[in-house]
Amino acid sequence: MTALETYVQLVASATTRLFNDPLHREIRRQMTTILLNTYLQDPTFESIIHQIHDAVCNNDFVKHYFVLAKKSAIIQDIKRYRNYLAPKSALDYRRPATPSASSDIQLPDSQFSEIILIMSRVFRDYKITPEHVPQLTHEILELMEESRSQTNDTVSSKLEAKEVSVDKIQYFLKRYKIISEVMPSKALMAERGLSHKLWLRIEADQQEIHIEGRIVILDAAFDDQIDEILERQADRDSVINLQRETDDSGRRRLLARHALPYSYGVPMRLFVRYLNRFSMDFNNVHSLDKENILRPA
Numbered sequence: 011m012t013a014l015e016t017y018v019q020l021v022a023s024a025t026t027r028l029f030n031d032p033l034h035r036e037i038r039r040q041m042t043t044i045l046l047n048t049y050l051q052d053p054t055f056e057s058i059i060h061q062i063h064d065a066v067c068n069n070d071f072v073k074h075y076f077v078l079a080k081k082s083a084i085i086q087d088i089k090r091y092r093n094y095l096a097p098k099s100a101l102d103y104r105r106p107a108t109p110s111a112s113s114d115i116q117l118p119d120s121q122f123s124e125i126i127l128i129m130s131r132v133f134r135d136y137k138i139t140p141e142h143v144p145q146l147t148h149e150i151l152e153l154m155e156e157s158r159s160q161t162n163d164t165v166s167s168k169l170e171a172k173e174v175s176v177d178k179i180q181y182f183l184k185r186y187k188i189i190s191e192v193m194p195s196k197a198l199m200a201e202r203g204l205s206h207k208l209w210l211r212i213e214a215d216q217q218e219i220h221i222e223g224r225i226v227i228l229d230a231a232f233d234d235q236i237d238e239i240l241e242r243q244a245d246r247d248s249v250i251n252l253q254r255e256t257d258d259s260g261r262r263r264l265l266a267r268h269a270l271p272y273s274y275g276v277p278m279r280l281f282v283r284y285l286n287r288f289s290m291d292f293n294n295v296h297s298l299d300k301e302n303i304l305r306p307a
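Okay, structure coming up:
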């Protein structure tokens, strides 16, 4: 059995319990949040990363994985950028994690699968709850891949905190083929390159970037129709917490906001990935509109 087949079998065994055992419903609910945040509070977490790093570096097949990324930098980046992880669906966590580093340092599938297998052994040594292993693997790997990419960048993909501005964010988004427009309010309206229009606002006092999506509710819509859409959306694996509100002109709309901190800078790969997921989830709300009562803002 190959490393990948072994890992797939482990994931299937763990996540099947999540779908079929009523005792694990709470864990399923937690899959819509970032599990890593809980484990970062555990005093053994850094030891786990140290052991993963050492095990990889001592494995001839994959020892080059951390050739430029030191333990201290990996741990630092995991702590700094965890807020830029977008929760995935339960179905996504059932699948093996995939490489997300910059293309020139991505490992072949066989080597990346070996990294995953090494992580699963370390998690087992530290008695990590088996149902948590698939999600934790996805989250840690995505941040390790970002840390590796930053050490390999020839052109910076990170915006330092002191550099964060509307113009800089607009410039970096354009590099990732997302075209935005500066509004009179100094917010950025981004639409081209995303599934759904979003607004981005820099709150310098809090050192946060606020992301906002909006959907207009037609005047003819009844409250029970909106209630049904909100209920069905709440049952989905989604990064958006959809709310109903009335704007200053009296128009009803559906709205969701999220804040990303930038006190340690903005890792643009992760930021763009989060924007794509946020906009995709907003776009998917329209599929719940069977009465044709919603319009993009």
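In our numbering, each residue's number is its place in the sequence shown (first place is 1) plus 10. All C-beta atoms in this analysis are idealised placements derived from N, C-alpha and C, irrespective of residue type, glycine included. Values in this document were obtained by computation on a predicted structure and should not be read as measured data.
CB contact flag (residue i, residue j, <9 Å)
i	j	result
M129	H206	no
Q180	V192	yes
R158	A79	yes
A107	R283	no
V295	R261	no
E222	L210	yes
R246	R254	no
L153	D87	yes
E149	L46	yes
A214	R131	no
I85	I115	no
I188	A200	yes
Given residue i as reference, the closest of the options once Cα atoms are compared
i	options	result
V174	Y272, S159 and Y49	Y272
K300	F281, I250, L265 and R242	R242
F182	N302, V276 and E149	V276
K98	P140, P109, I44 and I189	I44
R185	A171, H63 and R202	R202
D135	F55, R263, D247 and D234	F55
A197	A171, A231 and I212	I212
V143	S123, Y103, R92 and L204	Y103
D163	A111, D52 and N68	A111
M278	A83, F122 and S167	S167
Y49	T139, L117 and Q121	T139
N69	Q121, D52, Q235 and R105	Q121
T256	D52, S248 and L228	L228
Whole-angstrom C-beta distance between residue j and residue i, which should lie under 8 Å
i	j	result
L151	F133	In fact, because the Cβ distance is near 12 Å, the residues do not count as touching under 8 Å.
E156	L280	6 Å
Y75	I125	6 Å
A266	N251	6 Å
H63	K81	5 Å
L285	L208	7 Å
Y91	A171	Contact doesn't hold; Cβ gap of about 13 Å is too wide.
Which residues DSSP lists as bridging residue i, in chain order
i	result
M199	E191 and W209
R305	V226
S117	First, the residue type needs correcting, since residue 117 is Leu and not Ser in the sequence shown. According to DSSP, L117 bridges with nothing at all.
K168	P277
query: Whole alpha helix (DSSP H) runs in the segment 206-294 with 4 or more residues, listed along the chain?
result: The segment 206-294 contains these whole alpha helix (DSSP H) runs: 233-244.
Which runs of the alpha helix (DSSP H) at least 4 residues long sit entirely within the segment 55-102? Give them in chain order.
If only complete runs of 4 or more residues are kept, the segment 55-102 shows the alpha helix (DSSP H) at 55-67 and 81-91, in order along the chain.
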